[in-house]
Structure formats: structure tokens, C-alpha cells
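Let me begin by presenting the structure, written as C-alpha cells, before commenting on it.
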Amino acid sequence: MEIPVTAAPARPAIRIFSDSEALSRAAADFLLQTARQAVEARGSAALALSGGSTPERLYALLATAPYRDVIPWGRLHFFWADERCVPPEHRESNFRLAAESFLSSVPVPPGNIHRVRGELGPEQAARQYTDELRTFFGAGTLPVFDLIVLGAGADGHTASLFPRSALLQERIRTAAPVFVTPPNVDRVTLTMPVLTNAAQVLFLATGPSKAAIAREILEAGNPSRLPAGLVQPHRGNVLWMLDRDAASGLAKTAVHAAP
Ligand code: 6PG
């Protein structure tokens with residue numbers, strides 16, 4: 239059940255759902271709609287996916303009817319917002335999450351899957367991914383993703399851009415290596431210029447642990463203090479989908495009961 243809310247002026251659009259299942263179905267509908275519009279407009283669509291637990295149900299839904307049968311898979315290109323520097327079959331791999339959830343069971347041409355080759359190690363993987371982005375989007379132009387699916391950590395991180403990271407000031411590179419402590423892992427992430435250049439960003443946040451961060455970013459505080467709050471596309475749109483628990487810190491007026 240969707241509980242439509244009015245988007246606060248000059249802030250991202252917000253949609254609040256009764257639970258994570260309803261949110262995941264709405265996110266699948268949104269991905270379908272966004273992909274279709276891009277394919278109709280330009281013949282293809284470029285999407286970037288995140289890892290984490292929140293999008294797991296969304297990804298699983300994409301392998302089921304109706305999405306499996308109506309998404310124009312052959313015209314879609316899949317990239318990742320970030321990736322851990324592990325082999326593609328590793329349980330921590332964001333590619334593996336998407337591959338096992340839906341990519342391996344829908345007809346996306348192998349050449350349309352642009353994974354980060356984390357097994358190369360952070361520096362080489364970042365260079366390779368940067369080359370892949372340049373080859374696909376063109377040299378000298380900032381990648382414009384039709385849709386980037388992002389999560390938000392309870393600390394306000396998104397992709398692998400963490401609070402107080404020097405990487406938040408990056409303005410040149412499109413992808414970069416990052417060493418995340420804890421848990422002391424190497425990752426590769428898209429940089430803020432790419433995230434903020436997207437045509438559409440979809441944030442997914444569920445559960446009470448995201449309530450404080452959602453409130454700070456969406457209503458109360460200084461959103462640009464946090465990486466997830468910094469993602470404010472120049473020309474594109476940001477939509478936050480939250481379940482009731484993640485939205486529990488938002489003002490009551492933000493929630494309208496569905497008709
Ligand atoms: C990752 C993600 C990361 C994630 C957030 C939220 O590689 O883990 O890109 O940025 O989106 O940490 O994770 P949850 O969805 O598990 O809360």
C-alpha cells in the first residue's frame with residue numbers, strides 16, 4: 239500500500255509505504271517505468287545498483303512476473319554504485335547479489351553488465367571501472383545514469399561515500415578506490431559528481447535504524463552534512479522511498495493515509 243506524501247519544497251520527493259514489501263514493489267514499478275521511459279526516449283537505459291540488504295527484495299522481484307516479462311532487459315545496461323574488492327562470486331560482492339537475485343535469470347546481454355572487477359584490487363579496479371564508464375558514456379563527459387538505486391547507512395553514507403571522507407570533495411574522478419574502516423575493506427565507488435549527475439536517483443530506506451538519518455536528510459537538519467544528503471542532482475530528481483519505520487522520525491504532516 240502506498241501512502242503518498244507531498245514532496246517538501248526544495249527537498250527530495252518522498253513516498254512512504256506501510257512495509258518493506260510494499261516499498262520493494264513500488265521500487266520495482268519505478269525501475270520499470272524509468273527504464274521504459276529511457277528506452278523509449280533513447281533506445282537504451284543505464285542503471286547503477288547498490289548493495290546492502292534493503293534492495294534485496296527489489297532485486298528478487300525483478301526476476302518474477304510481471305517485471306521479468308515486461309522490463310526491456312535487452313536495452314538495459316547495468317553498472318554498480320559501488321563494489322567491494324572481492325571476486326564476483328564472493329558473498330560480499332554487490333555484483334553477486336544482483337546476479338543471483340535477478341541478472342542471471344533475465345535476458346540482459348552479457349556485454350550490458352558492467353561490473354566493477356573488484357578482484358583486481360582497489361586501484362586497478364577503479365581504473366578499469368573508470369575506463370568502462372568512459373567507453374560507455376564517452377570521453378570527457380560526466381556519466382549520466384538514467385537511474386541510480388542507492389541505500390543510506392545509519393551514519394548517512396551512500397554507495398561507499400562516508401561522512402568526513404576526503405572523497406566527498408572529489409570533482410574529477412568518476413570512480414575511485416576507498417578503504418572503509420571499519421570493517422577494513424577495500425571498495426570502489428562512484429564519486430559524488432556522478433551521483434549528482436543522474437537523471438533519477440532512488441533512495442531506499444527501511445527499518446527503524448534509518449529513522450534518524452532520514453529525518454536529518456529529509457526534514458530537520460543539514461542534509462549536506464551527510465553523503466546521502468549531498469546527492470542532489472543538478473538536473474535530475476531524487477526520490478526517497480521509506481517504509482513506516484524509516485519514516486517514523488518525519489513530521490506527521492509528511493504522511494497522508496492512502497485513499
Ligand atoms: C553497499 C551499499 C551501501 C548500502 C548502505 C545501506 O555496498 O553496502 O552500496 O552503501 O546501500 O550501507 O545498506 P543496507 O541496505 O544494508 O541498510
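According to the working numbering, the sequence shown holds residues 239 to 497 in order.
Built from N, CA and C at the ideal position, the CB exists for glycine as well.
Apart from the 5 residues on each side of it in sequence, A364 sits with its Cβ closer than 6 Å to the Cβ of A413, A414, P415, V426 in its chain, given in chain order. The continuous alpha helix (DSSP H) containing Q366 extends over residues 360-375. In the DSSP assignment, P415 falls outside any alpha helix (DSSP H) and lies within the beta strand (DSSP E) extending over 413-418. Secondary structure of G349 (DSSP, three-state): helix. DSSP places G312 in the helix class (H, G or I) of the three-state scheme. Classified as exposed, D307 has fewer than 16 neighbouring CB atoms from the shown chains inside 10 Å of its CB. Following the DSSP letters along the chain, one finds I254 inside the beta strand (DSSP E) bounded by residues 251-255.
For F268, the uninterrupted alpha helix (DSSP H) run begins and ends at 258-280, by DSSP.
At least one heavy atom of ligand 1 is found less than 7 Å from the C-beta of L388.
Shown here, D384 sits in coil according to DSSP, grouped into three states, outside any helix or strand. Judged by their CB atoms, I254 and R482 are nearer to each other than the 8 Å cut-off. Counting only residues of its own chain and dropping the five nearest sequence neighbours on each side, R411 has a CB closer than 6 Å to the CB of T429. For E294, no beta strand (DSSP E) segment is defined; the enclosing uninterrupted segment is the alpha helix (DSSP H) at 294-300. Taking C-beta atoms as the reference points, V476 and P250 count as a pair closer than 8 Å. In the DSSP assignment, T396 is bridged to L399. In the structure shown, A284 adopts extended strand secondary structure according to DSSP, grouped into three states. If you ignore the 5 residues before and after S262, its C-beta comes within less than 7 Å of the C-beta of R295, L296, L299, all in its own chain and listed in chain order. For T292, the distance from the CB to the nearest heavy atom of ligand 1 is below 7 Å.
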